[in-house]
Amino acid sequence: MKRKSEIPGRVMKALASFTVSYAFVIIAYVLISCMGVFDPIDNQMALELMCVCLVIAVIHFILGFFETAFSPCFFLLNFGVVVAVVLFMGIVVFDFLVMNIVFFACLAVMLVAVFTGTYLIAYFEDWKKVQEINRMIRKNKEQSVPVPEK
Amino acid sequence: MKLFIEQNDGDMETEIHIRCGMIDAGLQHIIDEIQTLMFSLPVSKDGAVSRLSPGEIFYFESVDERTFVYSQTEVYTCEYRLYELEEKIRKCGFARISKSVIVNIRKIQQIRPQLNGRFEAVLDNGEHLIVNRHYVSGLKEKFEGR
């Protein structure tokens, strides 16, 4: 029963994890554009899209991303979905994506940075959790009376 | 709380009686400890059946529908399934750490995070066990005595 009840939560976290990555891609695209690598975005739809993504990113953090940050499957899912969505939205729907090798290099660097950052944060969270458990283990060992073996 | 000990050379078996009004957390802890001391599990090795106390057991592992019991240096088999053991030894300081392993939390020396998102438990006898993320919060609650 417990496992069944966890499935919707996990699905939500998975959905949230790639939407936030999508948001990061759009933000990065805007930043890269502003740095002068490409022409600044003049497409109103792209800016609106970015705002929507920011909202999604906030929801993402509320739902809790750290549970999925460690899974290699989710990493690949994130990466694949992000690239697919950005390409589809950028080329087919909004026509704001500059098809350029420099752009894809920047995108790859940004994605690696985002995923590495998330991974390190998740690892740090686990490390903190483990330190707390280890503190309790030490405390229990100090307090426990040795149990005689039969 | 008062403690009375009556010693009689003629008594062959030790009896423990607890007279109380309400069972609080402290008393429950004492009861659990006594039950742990009284409990022993029938195990077998090379056809010979013996009994192990919780203090001797490091962990249980289920492999191919068989349950193995690990002590400091020996490996035994046990007729119970993991879910049955989980119920039997619930109050003896054991916790499930993965789908196939139940560990004696008193034998855990430390927990370490791994790069693949799992955790590793190092036991007092130097063995390393994988702790699934799913069971970490349950393990923590066990240490907190909940």
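In order, the protein sequences belong to chains A and B. Sequential numbering of the first sequence, starting at 6, is according to my numbering. Sequential numbering of the second sequence, starting at 163, is according to my numbering. Think of the CB as a built atom: it goes at the ideal place given N, C-alpha and C, for glycine as much as any other residue. This structure is a prediction, so every number in the text was calculated from the model and none was measured.
| Item | Value |
| --- | --- |
| Counting only C-beta atoms, is Phe222 (chain B) closer than 8 angstroms to chain A at any point? | no |
| Quick check: what's the CA-CA separation for Gln272 (chain B) versus Asn139 (chain A)? | 6 angstroms |
| Whole angstroms are fine: how far does the CA of Lys164 (chain B) sit from the CA of Leu285 (chain B)? | 37 angstroms |
| Using the rule of at least 16 other Cβ atoms within 10 Å of the residue's Cβ for burial, across every protein chain shown, is Asn143 (chain B) buried or exposed? | With chain B covering only 163 through 308, there is no way to say anything about residue 143 (chain B). |
| Report yes if the CB atom of Arg258 (chain B) is closer than 8 angstroms to the CB atom of Gly217 (chain B), and no otherwise. | no |
| In chain E, which residues lie with their C-beta within 7 angstroms of the C-beta of Val135 (chain A)? | Annotation note: the requested chain E is absent from the structure, which comprises protein chains A and B. |
| Excluding five sequence neighbours on each side, which residues of the same chain lie with their C-beta closer than 8 angstroms to the C-beta of Val293 (chain B)? | Ile259, Ser260, Ile273, Arg280, Phe281, Glu282, Ala283 and Leu301 |
| Give me the DSSP bridge partner(s) of Lys207 (chain B). | B:Ala210 |
| Between which two residues does the beta strand (DSSP E) containing Glu303 (chain B) stretch? | Looking at the DSSP string, Glu303 (chain B) is not in any beta strand (DSSP E); the run it does join, the alpha helix (DSSP H), is Val298 to Phe305. |
| Rounding to the nearest angstrom, what Cα-Cα distance links Gly172 (chain B) and Ile178 (chain B) in this structure? | 16 angstroms |
| Would you mind sorting Ser206 (chain B) into buried or exposed? The rule is 16 or more other CB atoms within 10 Å of its CB. | exposed |
| Going by the CB atoms, is the gap between Met141 (chain A) and Glu306 (chain B) shorter than 8 angstroms? | yes |
| Is the beta carbon of Tyr221 (chain B) closer than 8 angstroms to that of Thr291 (chain B)? | It should be pointed out that residue 291 (chain B) corresponds to Leu in this sequence rather than to Thr. In contact: Leu291 (chain B) and Tyr221 (chain B) (Cβ atoms closer than 8 angstroms). |
| Would you be able to state if there are at least three C-beta pairs under 8 angstroms between the stretch 194 to 210 of chain B and the stretch 236 to 250 of chain B? | yes |
| What's the call for Val117 (chain A), buried or exposed, on a 16-neighbour Cβ count within 10 Å? | exposed |
| Can you give the Cα-Cα distance for Glu254 (chain B) and Ala210 (chain B), rounded to whole angstroms? | One detail in the question is off: residue 254 (chain B) reads as Cys in this sequence, not Glu. Cα to Cα, the separation comes out at about 25 angstroms. |
| I'd like to know whether the C-beta atoms of Ile270 (chain B) and Leu244 (chain B) end up nearer to each other than 8 angstroms. | no |
| I'd like to know if Glu306 (chain B) contacts chain A, where contact means its C-beta is closer than 8 angstroms to some C-beta of that chain. | yes |
| Does DSSP put Tyr232 (chain B) in a helix, a strand or coil? | strand |
| May I have the straight-line CA-CA distance separating Glu246 (chain B) from Val114 (chain A), to the nearest angstrom? | 51 angstroms |
| Where do the ends of the alpha helix (DSSP H) carrying Leu199 (chain B) lie? | Ala187 to Met200 |
| So what does DSSP say about Ile138 (chain A), is it helix, strand or coil? | helix |
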